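So for the sequence shown, UniProt numbering puts the first residue at 1; every next one is plus one.
Glycine is no exception: its CB is placed at the ideal position from the N, C-alpha and C atoms.
Please read all numbers here as calculations on a predicted model, not as lab measurements.
Report on the structure given below.
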Amino acid sequence: MATPTPVAKPISQLQLAPGSVVTIPDVSWDEFEAILQDLGKKRAARVAYSNQTLEIMVPLPEHEKPNDLISDIVKLLLRQSNRKYEPFGSTTFKQQGKAGVEPDACFYIQNYQQMIGHRRLAPTDPPPDLAIKTDVTSKTTLDAYEAIGVPELWVYGNGRLTIYLLQAGKYVESRYSPTFRDLPLTELIPATVERAWQVGTVQALEEFETQIASNCRDIGQP
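Here it is as structure tokens:
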């Protein structure tokens with residue numbers, strides 16, 4: 001019987017349809033770095049790497065609207081609370097030799113001053129204070145965020161917002177965000193995303209801002 005000949009093709013030649021997820025086991029760190037180089041920076045796919053498992057995900061087009069809207073909500077809330085921030089988009093974050101991940105959006109808030117002017121991440125840079133994913137997140141992805149040490153991760157999918165907080169190196173679900181205390185964001189954000197499909201993003205954001213102002217009065221905030 002003839003021995004099969006392995007076929008090696010660049011990952012960048014994969015034609016992945018929106019919504020696809022490809023999982024590749026037994027990927028070394030050097031192979032992961034080479035795959036990132038092959039994929040390049042200008043691409044729709046997002047990657048997650050942990051425990052020598054690589055996932056390549058191509059979001060559906062309908063994920064883009066919630067992603068942009070949730071990012072706008074974060075910026076609105078930060079401005080309302082007079083806090084400065086540095087957005088880092090879908091930058092690739094790495095824990096050398098262990099993990100790599102690309103959020104759909106992320107923000108430096110507590111550490112924003114340290115990141116001003118940074119065009120590239122340095123090994124000594126901290127992870128973002130808040131990261132956002134707008135698709136179904138697998139265990140590989142969660143493990144990668146844990147390894148990198150992102151304190152707060154929001155995952156939006158199937159009309160639900162899940163807030164994960166890093167505690168003793170592991171994520172636990174929380175009803176509330178410590179970044180925006182006392183606001184029921186797990187209720188408000190899904191409702192606002194759904195509203196945006198009905199009336200448009202601008203009106204949905206305006207309604208959200210009005211609702212937040214009312215909520216703040218109800219809980220005794222200025």
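| Query | Result |
| --- | --- |
| Reference P103, options Q96, Q80, E64, closest by Cα | E64 |
| Through-space distance from P59 to C106, alpha-carbon basis | 17 Å |
| Buried versus exposed, by CB contacts within 10 Å (16 or more), V74 | buried |
| Every unbroken beta strand (DSSP E) within the region 16-81, with a cutoff of 3 residues, ordered by chain | 21-24, 46-50, 53-57 |
| Residue range of the unbroken beta strand (DSSP E) whose run includes M130 | Sequence check: residue 130 is Leu here, not Met. Note, L130: beta strand (DSSP E), 130-133. |
| Option in I148, A147, T134, T140 with minimal Cα separation from I163 | T134 |
| Where the alpha helix (DSSP H) through Y145 begins and ends | 139-148 |
| Residue range of the alpha helix (DSSP H) that includes Y85 | Element bounds for Y85: n/a, residue is neither H nor E. |
| Integer-rounded CB distance, given that T53 should sit under 8 Å from T92 | With 8 Å as the limit, T92 and T53 do not qualify as a contact, their Cβ atoms being about 16 Å apart. |
| Distance, Q167 Cα to R175 Cα | 15 Å |
| Cross-strand partners of E102 (DSSP beta bridge) | DSSP output for E102 lists no bridge partner at all. |
| Buried/exposed call for W197, threshold 16 Cβ in 10 Å | exposed |
| Helix, strand or coil at T192 according to DSSP, with G and I counted as helix | helix |
| Helix, strand or coil at Q95 [DSSP, three-state] | strand |
| Neighbour-count burial assignment, P222, 16 or more Cβ in a 10 Å radius | Only weak support is given to the placement of P222: the predicted model assigns it a pLDDT of 38, under 50, and the question is left unresolved by the model. |
| In chain order, each beta strand (DSSP E) run of at least 3 residues that lies wholly inside the region 150-215 | 152-157, 160-167, 170-174 |
| Alpha carbon of L78 to alpha carbon of D129, nearest angstrom | 13 Å |
| Enclosing alpha helix (DSSP H) for Q114 [first to last residue] | 112-115 |
| For K170, the nearest candidate out of S177, A144, G117, V202 (CA to CA) | A144 |
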